[in-house]
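Just below is one structure, and these are the notes that go with it.
Residue numbers (my numbering): 2 to 361.
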């Protein structure tokens with residue numbers, strides 16, 4: 002990095018990075034911080050990477066720096082002297098949606114998409130003659146959305162095991178055949194699908210996809226032209242929430258939305274975007290908690306020597322005896338897929354491996 006700039010500088014100094022990017026190289030201002038300073042966050046650096054090599058190198062450095070300081074240097078210090086293992090703490094009440102959060106250390110944010118992130122996961126190893134088993138709900142948010150919205154097209158696609166991200170890409174890119182959708186377009190389809198769940202605006206989607214605002218609006222318009230009942234469900238949910246000021250999960254748990262009737266347009270729109278996300282995320286968290294309870298009862302009643310050791314969002318991770326892999330795998334999959342009946346089937350993928358990084 003010093004070679005690119007031509008001198009040494011404090012790489013971790015935001016002020017110095019701002020000075021080099023915007024004063025020295027005159028790169029365009031993408032956005033500003035709350036204090037009026039020129040932002041150098043991840044989203045900005047990704048966009049600036051098309052103008053100069055330095056932002057791209059900075060992104061790589063920040064990734065490696067975070068992994069080194071957050072995991073490589075800290076995780077070994079968290080090993081319990083008596084057990085020789087790392088023990089996280091799960092918090093039940095810290096998230097508004099009811100999802101469990103992990104702390105001391107946080108094991109839910111260990112990266113998986115990068116090669117270096119996967120290497121960190123290889124450090125989590127099952128004990129001798131045991132293996133790790135992961136049970137992951139497949140696209141549970143979209144399945145819950147189908148259940149609530151009763152959208153016929155989405156329900157049909159899920160019953161027919163259609164790749165939903167490719168289907169959305171096919172819809173927004175001039176109805177290309179699903180089997181001809183490439184990885185880039187599928188990723189766009191995926192982001193559009195989840196933008197609906199997360200209540201993202203056209204502006205937010207345009208920033209995420211790095212496309213024009215009009216293009217983002219067109220993507221959303223095409224999505225709702227196809228999934229008409231989802232649009233109806235979202236609009237009706239907003240109206241109901243304005244009356245009650247709370248949403249309710251499938252299991253009747255209430256989450257209050259305090260700003261849904263705010264006279265401040267920004268606060269109100271933010272509350273409206275949160276509504277659908279809160280319903281879906283909260284229902285998903287209830288479902289996985291119910292699965293955890295059912296599996297725990299099964300293991301105790303059958304006196305099976307297996308341990309549920311981690312919960313990562315929509316995924317449960319177990320340590321099991323390798324010789325019992327098949328029987329336990331089938332039972333865990335069955336219990337998770339049948340803990341609740343939706344309008345579409347729940348799907349769970351099972352993978353096993355000696356360490357967390359090499360699970361297949």
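For glycine and all other residues, C-beta sits at the position ideal for the given N, C-alpha and C.
Element boundaries [alpha helix (DSSP H), containing residue i]
| i | result |
| --- | --- |
| residue 349 | Where residue 349 is concerned, there is no enclosing alpha helix (DSSP H), although the beta strand (DSSP E) it sits in stretches over 349–354. |
| residue 160 | 153–160 |
| residue 267 | 266–302 |
| residue 257 | First-last for residue 257: 255–257, but that is the beta strand (DSSP E), not the alpha helix (DSSP H). |
| residue 3 | 3–6 |
| residue 57 | 54–68 |
Reduced DSSP category for residue i - H, G, I as helix; E, B as strand; rest coil
| i | result |
| --- | --- |
| residue 204 | helix |
| residue 174 | coil |
| residue 141 | helix |
| residue 36 | coil |
C-alpha gap between residue i and residue j, whole angstroms
| i | j | result |
| --- | --- | --- |
| residue 207 | residue 172 | 18 angstroms |
| residue 237 | residue 244 | 11 angstroms |
| residue 274 | residue 260 | 11 angstroms |
| residue 120 | residue 358 | 6 angstroms |
| residue 4 | residue 59 | 13 angstroms |
| residue 201 | residue 232 | 14 angstroms |
| residue 349 | residue 132 | 19 angstroms |
| residue 304 | residue 161 | 38 angstroms |
| residue 220 | residue 43 | 24 angstroms |
Buried or exposed (CB count within 10 angstroms, at least 16 for buried), residue i
| i | result |
| --- | --- |
| residue 86 | exposed |
| residue 267 | exposed |
| residue 366 | Residue coverage of the chain in this structure runs from 2 to 361, which leaves residue 366 outside it and unanswerable. |
| residue 93 | exposed |
| residue 175 | exposed |
N- and C-terminal bounds of the beta strand (DSSP E) containing residue i
| i | result |
| --- | --- |
| residue 225 | Element bounds for residue 225: not the beta strand (DSSP E) but the alpha helix (DSSP H), 214–227. |
| residue 308 | 308–313 |
| residue 323 | Unbroken run through residue 323: none, as it is neither H nor E. |
| residue 138 | 131–138 |
| residue 90 | 90–92 |
| residue 128 | Taken as a continuous stretch (DSSP letters only), residue 128 belongs to no beta strand (DSSP E), as it is neither H nor E. |
| residue 386 | Outside the shown range of the chain (2 to 361) lies residue 386, about which nothing can therefore be said. |
Sequence-distant residues of the same chain with beta carbon closer than 7 angstroms to residue i, five excluded per side
| i | result |
| --- | --- |
| residue 33 | 39, 40 |
| residue 277 | 198, 200, 235, 238 |
| residue 12 | 2, 62 |
Residues near residue i in its chain [Cβ-Cβ closer than 8 angstroms; skip 5 each side]
| i | result |
| --- | --- |
| residue 254 | 99, 283, 287 |
| residue 299 | 305, 332, 336 |
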